[in-house]
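S.K.:
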Amino acid sequence: MPVYNEKVMEHFMSPRNVGEIENADGVGEVGNPVCGDMMTFYIKVNDNHISDVKYKTFGCGAAIAVSSMVSEMAMGKTLEEAKKITPALVAKELKGLPKNKYHCSNLGAQALNKAIDNYLKKQGKAAKSQKGGKK
Amino acid sequence: MREVYLDYVATTPVLPEVLEAMLPYFRDAYGNVQSLHDWGDKAREAVEEARGKVADLIGGEAEEIIFTASGTESNNSAIKGLAMAQQSKGKHIVVSAIEHFSVLHSAKTLEKLGFEVTEVPVDKHGIVDPDKVARSLRKDTVLVSITHANNEVGTIEPIKEIAGVVKESGAIFHTDAVATAGTIPIDVRGLGVDALSLAGNQFYGPKGAGALWLKKGVRIIPFLDGGVQEEGRRAGTEDVPAIVGLGKAAELAKTGMGARAKHLSTLRDRLIAELPNRIEHVTVTGHPTRRLPGHASFCVEFIEGEAMLMLLNSQGIAVSSGSACTSRALKASHVLIAMGIPHEIAQGSLLFSFGLDSTVGDVDYVLETMPPIVDKLRQMSPLYAKFLKEQKGGKK
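Residue numbers (the working numbering), protein chains in the order written: chain A, 1 to 135; chain B, 1001 to 1396.
What follows is the structure in structure tokens.
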């Protein structure tokens, strides 16, 4: 379908890293079915690196392709590097998205970011409770 | 790969007989209808013959047909032109919540010009209740426009009953029959309407060919001003080949209607009966019996329509969806929402529309192809995962 370019179609037809991670280190959920798109990202963190990333997506072709692309871009990155994945970068890696689908790339980057924040928050809490334990 | 076009509601192909009828008016009889020489005569005769055929299709008189360039133009002309012509009597108009955008947006334009618009709601099947129309009528209501059938859910409205209540009020009654004209029998006098829109590309005529039937004596402000074409009601050089094609398509639709409807409803009924058996959590949208013969619409839960549409396309099947992602505005179908279908379910809407070339084999191909596609998308869906977890939790 000419609405999407080949790269987007390829990710849509064979999305990478689909699924959930049990006992994920970080989970980020964005969107809602009312607006038409919803994504949940799961990450596993090892030594400050994203050692695994999976997602579940409810949405259109672009939303699915974006999720797949974000998962590929994040895999193996340090948390700092992964946080630098912006909607514009995702769209660029996909060689462009139709104008009215740019919000999908926002959602993908946001969901990953949320998952990282969720991990950092948990870490903070864990560190605090460890400190508390030492007292 | 098998190619299965099931999007006849978007447009039908042009029948070979229709194309044949059109061709001479590009090549040989290319005159302008308004010219006074032989070339003009030939074109004029063809246009008048077509006018008669289109009138015959809906039980109208030839001089009551105004040719337009689309169903959208017919609707725009009717809503704006009829309301404007009546505005000394009042500035209130009534439409249903499930009108095509060419009606709804025309009404919005009138609102900006000082008219008031009341939207009549529909029930869960998409039916407009004549009593509700009656309650919406005011002393200053000058125009009511209710679609004959909605093309997204295929529900056929009780136009005759609605016309009855509108007539008592003295308002003009227009119906958008783009989805029905050429597909189900229409008799404008029996229905009791004052104006009716139709479009050729819904019944195997060319695109760019529409008509507005306007009852004798009903005043309209022309949508296009200019020359004397169409008795001064629609200026612009007549598109002779398109009009000839529309006429031929109308003639064929009239003679073939019964057999066509029988064929289409067989396919429709098979898909509506079988698809919910093959896939869980699929609901049929629209009315169980009052629906267009070739029209089968569904909501598939937990997934989104555009993704389904694209995967079906990759298997050679062409369909429509009313999901937010297939609309420019990224909003779920106003029709499904008006019927009370929750947003997340409306996102999974899918519409199969059959045509003359469709076969039982096409239905069976859909029935084979759909389940793995739905399964693939559900495996990816966070909503489905939540549903499964809740179901497990509930069973404990």
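Note that the Cβ used here is the ideal one computed from N, Cα and C, for glycine as well.
Going by alpha carbons, who is nearest to B:Tyr1025 out of B:Thr1283, B:Leu1252, B:Thr1369 and B:Gly1245?
M.R.: Residue mapping note: residue 1025 of chain B aligns to position 25 of the second sequence, counting from 1. Selected option, being the one with the closest Cα: B:Gly1245.
S.K.: Near B:Glu1003, what residues of its chain come up, given a Cβ to Cβ distance below 6 Å and the 5 sequence neighbours on each side ignored?
M.R.: As a working mapping, residue 1003 of chain B is identified with position 3 in the second sequence. Once the five neighbours on either side are set aside, the close Cβ partners of B:Glu1003 are Gly1316.
S.K.: Compute the Euclidean distance between the alpha carbons of A:Ser67 and B:Glu1020, then round it to the nearest angstrom.
M.R.: As a working note, residue 67 of chain A is residue 67 in the first sequence. As a working note, residue 1020 of chain B is residue 20 in the second sequence. About 50 Å.
S.K.: In the DSSP assignment, the alpha helix (DSSP H) including B:Phe1203 goes from what residue to what residue?
M.R.: Locating residue 1203 of chain B in the second sequence gives position 203, counting from the first residue. That residue, B:Phe1203, is in no alpha helix (DSSP H); it is neither H nor E in DSSP.
S.K.: Taking B:Leu1023 as the reference, give the member of B:Lys1248, B:Val1319, B:Ala1346 and B:Leu1309 with the closest Cα.
M.R.: Residue 1023 of chain B sits at position 23 when you count from the first residue of the second sequence. It is B:Lys1248 whose Cα lies nearest to the Cα of B:Leu1023.
S.K.: Strictly by DSSP, which residues pair up with B:Leu1214?
M.R.: For the purposes of this step, residue 1214 of chain B is taken as residue 214 along the second sequence, with counting starting at 1. For B:Leu1214, which the question treats as bridged, DSSP gives the partners B:Ala1195.
S.K.: Hey, out of A:Gly61, A:Glu6, A:Gly76 and A:Lys84, whose CA is closest to A:His49's CA?
M.R.: Here the question's residue 49 of chain A lines up with position 49 in the first sequence. Checked all of A:Gly61, A:Glu6, A:Gly76 and A:Lys84; the closest Cα to A:His49 is A:Gly76.
S.K.: Rounded to whole angstroms, what is the Cα-Cα separation between B:Phe1173 and B:Gly1355?
M.R.: Position 173 of the second sequence, counting from 1, holds the residue named residue 1173 of chain B. Position 355 of the second sequence, counting from 1, holds the residue named residue 1355 of chain B. Their Cα atoms are separated by approximately 30 Å.
S.K.: Measure the CB-CB distance between B:Pro1288 and B:Arg1268 and report whether it falls below 8 Å.
M.R.: Reading the second sequence from its first residue, position 288 is the one you call residue 1288 of chain B. Reading the second sequence from its first residue, position 268 is the one you call residue 1268 of chain B. The answer is no: Cβ separation not under 8 Å.
S.K.: Of all the CB atoms in chain A, is at least one closer than 8 Å to the CB of B:Gln1315?
M.R.: Taking the first residue of the second sequence as position 1, residue 1315 of chain B is located at position 315. Not an interface residue.
S.K.: Leaving aside the five residues before and after A:Ile21 along the sequence, list all residues of the same chain whose C-beta is less than 7 Å from its C-beta, in chain order.
M.R.: For this step, residue 21 of chain A is matched to residue 21 along the first sequence. Closer than 7 Å at the Cβ level, and outside the excluded window around A:Ile21, lie Tyr42, Lys44, Asp52 and Lys54.
S.K.: Helix, strand or coil for B:Ala1332 per DSSP?
M.R.: For this step, residue 1332 of chain B is matched to residue 332 along the second sequence. It is coil, neither helix nor strand.
S.K.: On the three-pair Cβ rule with 8 Å, is the stretch 1157–1177 of chain B touching the stretch 1136–1148 of chain B?
M.R.: yes
S.K.: Under the DSSP definition of a beta bridge, which residues are partnered with A:Lys44?
M.R.: The count along the first sequence starts at 1 and reaches residue 44 of chain A at position 44. According to DSSP, A:Lys44 bridges with A:Asp52.
S.K.: Examine chain B for any beta-carbon lying closer than 8 Å to the beta-carbon of A:Glu6, and answer yes or no.
M.R.: The residue labelled residue 6 of chain A in the question sits at position 6 within the first sequence. With 8 Å as the cut-off, A:Glu6 does not count as an interface residue toward chain B.
S.K.: What residues in its chain sit with their C-beta under 6 Å from that of B:Trp1039, if we drop five residues either side in the sequence?
M.R.: Working through the second sequence from its first residue, we reach residue 1039 of chain B at position 39. If we look at B:Trp1039 and ignore the five residues flanking it on each side, its Cβ neighbours are Gly1031.
S.K.: Keeping to the same chain, check which residues put their C-beta closer than 7 Å to that of B:Arg1291; ignore five residues upstream and five downstream.
M.R.: The residue given as residue 1291 of chain B occupies position 291 in the second sequence. Result list for B:Arg1291: Gly1154, Thr1155 and Ile1156, in chain order.
S.K.: B:Lys1091 to B:Glu1073, Cα distance in whole Å?
M.R.: Looking up residue 1091 of chain B in the second sequence gives position 91. Looking up residue 1073 of chain B in the second sequence gives position 73. Cα to Cα, B:Lys1091 sits roughly 22 Å from B:Glu1073.
S.K.: Three or more beta-carbon pairs under 8 Å between the stretch 1122–1131 of chain B and the stretch 108–128 of chain A, yes or no?
M.R.: no
S.K.: Pick out the complete beta strand (DSSP E) segments inside the stretch 72–96 of chain A, 3 residues or longer, and give them in chain order.
M.R.: none
S.K.: Keeping to the same chain, check which residues put their C-beta closer than 8 Å to that of B:Thr1109; ignore five residues upstream and five downstream.
M.R.: Residue mapping note: residue 1109 of chain B aligns to position 109 of the second sequence, counting from 1. Once the five neighbours on either side are set aside, the close Cβ partners of B:Thr1109 are Lys1080.
S.K.: Take the Cβ of B:Val1228 as the centre, count every other Cβ of all protein chains shown within 10 Å, and call the residue buried at 16 or more, exposed below.
M.R.: As a first step, residue 1228 of chain B must be located in the second sequence, where it is residue number 228. B:Val1228 should be labelled exposed.
S.K.: To be precise: take each residue of the stretch 49–78 of chain A, compare its Cβ to all Cβ atoms of chain B, and keep it if any distance is under 9 Å. Which residues remain?
M.R.: Result list: Tyr55, Lys56, Thr57, Phe58, Gly59, Cys60, Gly61, Ala62, Ala63, Ile64 and Ser67.
S.K.: Can you round the beta-carbon distance between B:Ile1373 and B:Leu1275 to whole angstroms, since I take them to be within the 8 Å contact cut?
M.R.: What you label residue 1373 of chain B is simply residue 373 of the second sequence in a count that begins at 1. What you label residue 1275 of chain B is simply residue 275 of the second sequence in a count that begins at 1. Not quite, the Cβ-Cβ distance comes to about 12 Å (not below 8 Å), so this is no contact.
S.K.: Who pairs with A:Met38 in a beta bridge, going by DSSP?
M.R.: Along the first sequence, one-based indexing puts residue 38 of chain A at 38. Partner(s): A:Gly31 and A:Phe58.
S.K.: Of all Cβ atoms in chain B, is any one closer than 8 Å to the Cβ of A:Arg16?
M.R.: Counting from 1 along the first sequence, the entry for residue 16 of chain A is found at position 16. No, its Cβ sits nowhere closer than 8 Å to a Cβ of chain B.
S.K.: Pull up the distance between the alpha-carbon of A:Ala65 and that of A:His11, whole angstroms please.
M.R.: Counted from its first residue, the first sequence places residue 65 of chain A at position 65. Counted from its first residue, the first sequence places residue 11 of chain A at position 11. Those two C-alpha atoms are separated by around 5 Å.
S.K.: If we require 4 or more residues per run, which alpha helix (DSSP H) segments fall completely within the stretch 1095–1134 of chain B?
M.R.: 1101–1112, all fully within the stretch 1095–1134 of chain B.
S.K.: Check whether the Cβ atoms of B:Val1103 and B:Asn1075 sit closer than 8 Å, and answer yes or no.
M.R.: Within the second sequence, residue 1103 of chain B is the residue found at index 103, counting from 1. Within the second sequence, residue 1075 of chain B is the residue found at index 75, counting from 1. Taking 8 Å as the cut-off, the Cβ atoms of B:Val1103 and B:Asn1075 count as close.
S.K.: How many whole angstroms separate the CB atoms of B:Pro1121 and B:Ala1338, which I take to be in contact at a CB cut-off of 8 Å?
M.R.: Reading the second sequence from its first residue, position 121 is the one you call residue 1121 of chain B. Reading the second sequence from its first residue, position 338 is the one you call residue 1338 of chain B. Indeed they touch by this definition, with Cβ atoms about 7 Å apart.
S.K.: Using the DSSP secondary-structure output, state which residues sit across from B:Phe1298 in a beta bridge.
M.R.: Working through the second sequence from its first residue, we reach residue 1298 of chain B at position 298. Paired residues: B:Val1284 and B:Leu1350.
S.K.: Going by the beta-carbon positions, is the gap between B:Val1335 and B:Gly1348 smaller than 8 Å?
M.R.: Here residue 1335 of chain B refers to the residue found at position 335 when the second sequence is read from its first residue. Here residue 1348 of chain B refers to the residue found at position 348 when the second sequence is read from its first residue. Not in contact: B:Val1335 and B:Gly1348 (Cβ atoms no closer than 8 Å).
S.K.: Could you check if B:Met1001 is buried or exposed, using at least 16 other CB atoms within 10 Å of its CB as the buried criterion?
M.R.: As a working note, residue 1001 of chain B is residue 1 in the second sequence. Exposed, because fewer than 16 other Cβ atoms sit within 10 Å of the Cβ of B:Met1001.
S.K.: Should B:Pro1206 be labelled buried (16 or more other beta-carbon atoms within 10 Å of its own) or exposed?
M.R.: Along the second sequence, read from residue 1 onward, the residue named residue 1206 of chain B stands at position 206. Buried.
S.K.: Does the Cβ of B:Val1360 have 16 or more other Cβ atoms within 10 Å, making it buried, or fewer, making it exposed?
M.R.: Numbered from 1 along the second sequence, position 360 holds the residue referred to as residue 1360 of chain B. By the 10 Å Cβ count, B:Val1360 comes out exposed.
S.K.: Run down chain A in chain order and give the residues with a C-beta less than 7 Å from the C-beta of B:Gln1347.
M.R.: For the purposes of this step, residue 1347 of chain B is identified with residue 347 of the second sequence, where counting begins at 1. Within chain A, the residues near B:Gln1347 are Pro33 and Gly36.
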